[in-house]
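Novice: Under numbering that gives the first Met the number 0, the first residue of the sequence shown is numbered 0, with each subsequent residue one higher.
For every residue, glycine included, the Cβ atom is placed at its ideal position computed from N, Cα and C.
To start, I am sharing the structure in question, which I have written as C-alpha cells.
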Amino acid sequence: MLVGVCGSRHLPPGASYAIANRVAELLASGHDIVTGCALGTDSAAIGAALGLNRPHQLTVMAAFGRRGTGAIPGCSSPAAVAAAAAAGANVQYWTGGRPPTIPARARLARRSLAMLRYLLNDGGALLACPNSSPPPWLGPGRQWQTTGSGTWSAIAWAAGNDLPVYLLPLAGCRDLSLEPGLLKIQTGLFNGLLKFRTVCMRLNALTD
C-alpha cells in the first residue's frame, strides 16, 4: 500500500525520531512512501527511507525545481530532496506549479493536494503528524480549507474525500482528546496510531 506522510515543519524534541521510526516500520513491511519537500516531518520521512537504503520505495513531491530553484526559505528542504534524488528516489518537481505565476502559499497547498489525490487514486492512506490542535470550526470537506496549518487542511480534505487518515500526534497536540467513535487505536500495520474515522463526525470534536 502507498502511504503518504505529512506533518509539521517544526518538530518538538524526539518527534523526528518517532516519525522516522514509524516510516521505517512501514518501509520494512513493504509499503511505499510519498511525502513532500519541507523541513520537519517530510525530511524525517525522507531520511528514514534513505537510512534503510530504500529509495526505490520513496516518492518526493517538491514545490520547487532541481537544485533548489524556487525553494521557499524557512519551509523547503532542498538538501533532503537533493539527497533523495541522488539516491534514486522518484522526485517530482514543481508539483505545486511554478513561480512567479503561483505564490509560495498556493504552491504548498497545490503540492499537498497533488499528493492527496495521488494517494486517493492509488487506494493509499495518509499518515499525518500534527503538532497543534485543529481550529474549532474545522470539519471534513471535499474542498481544500485554509486553516493556518497545512497538516490539518490535509487531514480535513482527506476525511472529506474518504481517504483513510492515521494520526501520529506530536507534543503540541497534548489537548487532542480521544472521542469515542471518532478516533480509535488500530492494530496491525498502524499499531499505536490513531485512526481518523470519517463517518458522521466533525474535526472540532477533537478539541476540549
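When you compare only the Cα positions, how much space is there between Ala19 and Thr100?
Specialist: Near 35 Å, if we compare the C-alpha coordinates of Thr100 and Ala19.
Novice: Relative to the C-alpha of Gly73, which residue among Gly29, Ser7, Leu162, Asn160 is closest?
Specialist: For Gly73, the nearest C-alpha among the options comes from Ser7.
Novice: Following the continuous beta strand (DSSP E) through Asp41, name the residue where it begins and the one where it ends.
Specialist: No beta strand (DSSP E) holds Asp41; the alpha helix (DSSP H) holding it covers 40-50.
Novice: Roughly how many angstroms separate the alpha carbons of His9 and Asn52, rounded to a whole number?
Specialist: If I take the Cα positions, the gap works out to 26 Å.
Novice: Among the residues of its own chain, which have a CB less than 8 Å from the CB of Arg141, if the five just before and after it don't count?
Specialist: Around Arg141: Trp156, Gly159, Asn160.
Novice: In whole angstroms, what separates the C-alpha of Trp151 from that of Pro135?
Specialist: Each residue's Cα considered, the two are about 11 Å apart.
Novice: Sorted by chain position, which residues of the same chain lie with C-beta nearer than 7 Å to Tyr117's C-beta, five sequence neighbours on each side aside?
Specialist: Val33, listed in sequence order.
Novice: Give the straight-line distance between the Cα atoms of Ala37 and Ser111, rounded to the nearest whole angstrom.
Specialist: Straight-line Cα distance between these residues: approximately 11 Å.
Novice: Within 10 angstroms of its Cβ, does Asp211 collect 16 or more other Cβ (buried), or is it exposed?
Specialist: Here the chain covers residues 0 to 207 and nothing more, so residue 211 does not appear.
Novice: With DSSP collapsed to three states, give me the class of Asn130.
Specialist: Looking at Asn130 - three-state DSSP - the assignment turns out to be coil, as it is neither helix nor strand.
Novice: Report yes if the CB atom of Gly123 is closer than 7 Å to the CB atom of Leu1, and no otherwise.
Specialist: In this structure, Leu1 lies closer than 7 Å to Gly123 by Cβ.
Novice: Alpha carbon to alpha carbon, how far is Thr58 from Gln91? Give it in angstroms, no decimals.
Specialist: The straight-line gap from Cα to Cα measures roughly 8 Å.
Novice: Alpha carbon to alpha carbon, how far is Leu137 from Trp93?
Specialist: Distance between the alpha carbons of Leu137 and Trp93 is about 29 Å.
Novice: Starting from the C-beta of Ile71, find all residues in its chain whose C-beta is less than 6 Å away, skip the five residues before and the five after it, and write them out in chain order.
Specialist: Only Ala103 meet the Cβ criterion.
Novice: DSSP beta-bridge partners for Asn89?
Specialist: For Asn89, which the question treats as bridged, DSSP gives the partners Thr58.
Novice: Where do the ends of the beta strand (DSSP E) carrying Thr150 lie?
Specialist: Taken as a continuous stretch (DSSP letters only), Thr150 belongs to no beta strand (DSSP E), being part of the alpha helix (DSSP H) at 149-159.
Novice: Relative to the C-alpha of Ala149, which residue among Pro163, Asn130, Leu167, Tyr165 is closest?
Specialist: The amino acid occupying residue 149 in the given sequence is Gly; Ala does not appear at that position. Among Pro163, Asn130, Leu167, Tyr165, the Cα nearest to that of Gly149 is on Asn130.
Novice: Looking only at its own chain, which residues have a Cβ that is under 8 Å from the Cβ of Pro179, when we skip the five neighbours before and after it?
Specialist: Unreliable placement is indicated for Pro179, whose pLDDT of 33 sits below 50; the coordinate value is still reported in the next sentence. Within the same chain, Pro179 has no close Cβ partners at all.
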